[in-house]
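A.B. asks: Following this message is one structure expressed as C-alpha cells.
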Amino acid sequence: MDVSIDAVDLGWLVQVCLVRARAKLCCQKGRKMGYKCFLAYRVYETYTDASKKCQERGGRMAMPRDRKEQEALAEYVKSVFHGNWPVWLGINDERSEDLYLFEDTTRVTYFQWRKHFLSSQPDGGKRENCVAMSSDDGDWWDTYCERRMYYLCEFDV
Ligand SMILES: [Ca+2]
1 MDVSIDAVDL GWLVQVCLVR ARAKLCCQKG RKMGYKCFLA YRVYETYTDA SKKCQERGGR
61 MAMPRDRKEQ EALAEYVKSV FHGNWPVWLG INDERSEDLY LFEDTTRVTY FQWRKHFLSS
121 QPDGGKRENC VAMSSDDGDW WDTYCERRMY YLCEFDV
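Start counting the sequence shown at 1; every next residue gets the next number (UniProt numbering).
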C-alpha cells in the first residue's frame, strides 16, 4: 500500500487487512489481544453513537471478556489517554437493571468495578446504565449513557 498508515482511518485499514490477512499490520496502532484488536478513539461520543461508529468501521465497542483482556485493555488505555479519563466500553444494563450485557448481548462474567471506600461502583442504579473504563487504573464505572466521552472499539484480526 502506498498510503501512509497514519493518514488512513484505522478502522478502514483493519477491514482492508482482514481481506488481505495481514493481521500484524492491522493492529499496528491498537492493542492486539488474541484474535481481537482494541483501538481507542479520541473523540467524544454518547454510548449509542460510539456503538454506531464502531460498527460503521466494521467492528464493535470493546468487550473485555476476562482478566487477560481487561488487563491488556487497561494498559493500552493508560498509554493512550494520559491522566484520568472515562472511556466507553461496550457494556450496559439498559435492558434489565444489574444484568450487564456486552454489545453482542452476551452476559458479562468478569467485572472490574472500582471498589474504594469513597466510591464503590456501580452506584447509579437505573439512572446510569452504561459502563466506562477509567484510563488511569482501568477500573469500571457505571455512568449515564448520554454522556459524551472517548471510546474503544474492537476488531477481529
Ligand atoms: Ca444501571
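Glycine is no exception: its CB is placed at the ideal position from the N, C-alpha and C atoms.
Does the segment 57-76 touch the segment 85-103, meaning 3 or more C-beta pairs lie closer than 8 Å?
C.D. replies: With the cut-off at 8 Å, the segment 85-103 and the segment 57-76 touch.
A.B. asks: Enumerated in chain order, which unbroken segments of the beta strand (DSSP E) with a length of 3 residues or greater are wholly contained in the UniProt domain "C-type lectin" (33-154)?
C.D. replies: List check, beta strand (DSSP E) in window: 36-45, 86-92, 130-134, 140-143.
A.B. asks: Counting beta carbon pairs with one atom in the segment 113-123 and one in the segment 138-154, are three or more of them shorter than 8 Å?
C.D. replies: Yes: at least three Cβ pairs fall under 8 Å.
A.B. asks: Would you say ALA72 and MET33 are within 8 Å of each other, going by their C-beta atoms?
C.D. replies: As a working mapping, residue 72 is identified with position 72 in the sequence shown. As a working mapping, residue 33 is identified with position 33 in the sequence shown. A contact, by the Cβ cut-off of 8 Å.
A.B. asks: Contact defined as beta carbons within less than 8 Å: I believe ARG127 pairs with THR46. What is the distance between those atoms, to the nearest angstrom?
C.D. replies: Your numbering for residue 127 matches position 127 in the sequence shown. Your numbering for residue 46 matches position 46 in the sequence shown. So it is not a contact: roughly 15 Å between Cβ atoms.
A.B. asks: When the Cα atoms are used, what is the spatial distance from ASP104 to LYS52?
C.D. replies: Working through the sequence shown from its first residue, we reach residue 104 at position 104. Working through the sequence shown from its first residue, we reach residue 52 at position 52. Their backbone Cα atoms lie some 13 Å apart in a straight line.
A.B. asks: When you compare only the Cα positions, how much space is there between TYR151 and LYS115?
C.D. replies: Reading the sequence shown from its first residue, position 151 is the one you call residue 151. Reading the sequence shown from its first residue, position 115 is the one you call residue 115. Cα to Cα, the separation comes out at about 22 Å.
A.B. asks: Pick out whichever of LEU39, GLY125, LYS36 has its Cα sitting closest to the Cα of SER96.
C.D. replies: Along the sequence shown, read from residue 1 onward, the residue named residue 96 stands at position 96. It is GLY125.
A.B. asks: Between the Cα of TYR100 and the Cα atoms of PHE38, ASN129, PHE155, LYS36, which residue gives the shortest distance?
C.D. replies: Along the sequence shown, one-based indexing puts residue 100 at 100. TYR100 has its Cα closest to that of ASN129, out of PHE38, ASN129, PHE155, LYS36.
A.B. asks: Any chance the CB of GLU128 is under 7 Å from a heavy atom of ligand 1?
C.D. replies: Residue mapping note: residue 128 aligns to position 128 of the sequence shown, counting from 1. Indeed, a heavy atom of ligand 1 lies less than 7 Å from the Cβ.
A.B. asks: Counting C-beta neighbours from all protein chains within 10 Å, is the total for VAL43 16 or more, i.e. buried, or is it exposed?
C.D. replies: As a first step, residue 43 must be located in the sequence shown, where it is residue number 43. The residue in question, VAL43, is exposed, as its Cβ has fewer than 16 Cβ neighbours within 10 Å.
A.B. asks: Could you check if GLY138 is buried or exposed, using at least 16 other CB atoms within 10 Å of its CB as the buried criterion?
C.D. replies: For this step, residue 138 is matched to residue 138 along the sequence shown. GLY138 is buried by the Cβ-count criterion.
A.B. asks: Under a Cβ-count criterion, where at least 16 other Cβ atoms within 10 Å of its own Cβ denotes burial, should GLY83 be classed as buried or exposed?
C.D. replies: By one-based count along the sequence shown, residue 83 stands at place 83. Under this definition GLY83 is an exposed residue.
A.B. asks: If you compare alpha carbons, which of MET149, PHE155, ASP156 is closest to THR48?
C.D. replies: Residue 48 sits at position 48 when you count from the first residue of the sequence shown. Ranking MET149, PHE155, ASP156 by Cα distance to THR48 puts MET149 first.
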